[in-house]
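Below you'll find the structure, written out as structure tokens, and then a few comments.
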Amino acid sequence: MTDDVLFVGHSLVGHTMPRMLDALLPTSMLVRAQVINGAPLSYNWSNGAGAEGVNARAVLPSGAFGTLVLTEAIPLATHLQWSYSYGTARAYAGLAWAANPSVRVMIYETWHEIGSNVAEWRASLTSDLALWRGIANQVNAARPAKAPQVGIVPGGQAMGLLHDAIVSGRGQGLTQITQLFTDQIHLNDAGNYLISQVQFAAISGRSPIGLTDRLTGEWGQAYGGWTTDQTILFQHIA
Numbered sequence: 043m044t045d046d047v048l049f050v051g052h053s054l055v056g057h058t059m060p061r062m063l064d065a066l067l068p069t070s071m072l073v074r075a076q077v078i079n080g081a082p083l084s085y086n087w088s089n090g091a092g093a094e095g096v097n098a099r100a101v102l103p104s105g106a107f108g109t110l111v112l113t114e115a116i117p118l119a120t121h122l123q124w125s126y127s128y129g130t131a132r133a134y135a136g137l138a139w140a141a142n143p144s145v146r147v148m149i150y151e152t153w154h155e156i157g158s159n160v161a162e163w164r165a166s167l168t169s170d171l172a173l174w175r176g177i178a179n180q181v182n183a184a185r186p187a188k189a190p191q192v193g194i195v196p197g198g199q200a201m202g203l204l205h206d207a208i209v210s211g212r213g214q215g216l217t218q219i220t221q222l223f224t225d226q227i228h229l230n231d232a233g234n235y236l237i238s239q240v241q242f243a244a245i246s247g248r249s250p251i252g253l254t255d256r257l258t259g260e261w262g263q264a265y266g267g268w269t270t271d272q273t274i275l276f277q278h279i280a
């Protein structure tokens, strides 16, 4: 058994953020991901063989993973009603725990499309947090005695805090939260770097302050688009 990390989710996991996180964590911890764009957990469960990255149901029985990070599709309330979110999250967790009863399961909180009403988007981050915690609570109810409490990776909360900092004039050159997006919901390199810091803090239990911001992609291209001062801001938010 190792301390490797496995994500299961959609394009708000993506490929950039896990690669950044893989470079930030100790070399003994490898980061893997199963990604199906737009897919709820239930679709991921049934179609992992065709996913980008790994097939979680195939690799979890190896016992190689110390952390399993799950996220549900957006819009969250709709999928909680119709996509068997709680049961599928418990199924993934159960598969991980069967191989390694000490696996830590975490729920990655994301965000909705930002649209033209940023204030409404910001409010949704606060109101939806209870729904994300509800998933964690449902999985916790099935947790074996040796497993840590199922927690939240507060990606949406970090985005909200950054928005608040920008609005209050503390954005270190950022003037609007949309500068971290490539469209209405997906993040650019700067946004993915912020989320990688949040993931690092949640998974390692350590502060990301002082981590490098010089990271490269699969083909050696440098990630960029944010400043050193913004790195410090992101790390303090995380």
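Take 43 as the starting number for the sequence shown in our numbering and just add one per residue.
Backbone N, C-alpha and C fix where the C-beta goes; we use that ideal spot for every residue, glycine too.
Keep in mind it's a predicted model, so treat the numbers as computed, not measured.
- Residue Q239 holds the alpha-carbon nearest to the alpha-carbon of L275 among V55, Q239, H57, G266.
- Annotation: the continuous beta strand (DSSP E) that includes P196 extends over 193–196.
- By alpha-carbon distance to I194, the top candidate from W261, I149, R99 is I149.
- Taking all protein chains shown into account, G267 has fewer than 16 neighbouring C-beta atoms within 10 Å of its C-beta and is therefore exposed.
- In this structure the segment 60–72 does not lie against the segment 86–93, because fewer than three pairs of beta carbons, one per stretch, are closer than 8 Å.
- Excluding five sequence positions before and after S166, the CB atoms of its chain that fall closer than 8 Å to its own CB belong to W153, H154, given in chain order.
- A100 is classed as exposed because its beta carbon has fewer than 16 other beta carbons within 10 Å across all chains shown.
- Under the three-state reduction of DSSP output, A183 falls in the coil class, being neither helix nor strand.
- Counting only runs of 4+ residues, the alpha helix (DSSP H) found wholly inside the segment 96–176 occupies 98–101, 118–124, 127–141, in chain order.
- Counted as a single uninterrupted DSSP element, the alpha helix (DSSP H) harbouring D231 occupies residues 231–246.
- Nearest to E94 by C-alpha distance, out of G215, Q76, Q263, is Q76.
- With three or more CB-CB distances shorter than 8 Å, the segment 175–185 counts as touching the segment 124–134.
- Contact check for E260 against G197 fails: the beta carbons are separated by 7 Å or more.
- Just so you know, the alpha carbons of L48 and D206 end up roughly 31 Å apart.
- Pairing L216 with D170 gives a Cβ-Cβ distance that is not under 7 Å.
- Residue L236 holds the alpha-carbon nearest to the alpha-carbon of T254 among A200, G247, L222, L236.
- Exclusion of the five residues before and after L66 leaves S238, F242, L253 as the residues of its chain whose Cβ lies within less than 7 Å of its Cβ.
- Residue nearest to N86 within the set G233, S125, N234 is S125 (criterion: CA-CA distance).
- In the three-state reduction of the DSSP assignment, A65 falls in the helix class.
- By the neighbour-count criterion, in which a residue is buried when 16 or more other Cβ atoms sit within 10 angstroms of its Cβ, D271 is exposed.
- Contact check for L112 against A138 fails: the beta carbons are separated by 7 Å or more.
- Looking at the DSSP output, F276 shares a beta bridge with no other residue.
- Per the C-alpha coordinates, the member of Y134, L72, S53 positioned closest to S246 is L72.
- Each of L257, D46, V147 was checked against the Cα of A189, and the nearest Cα belongs to V147.
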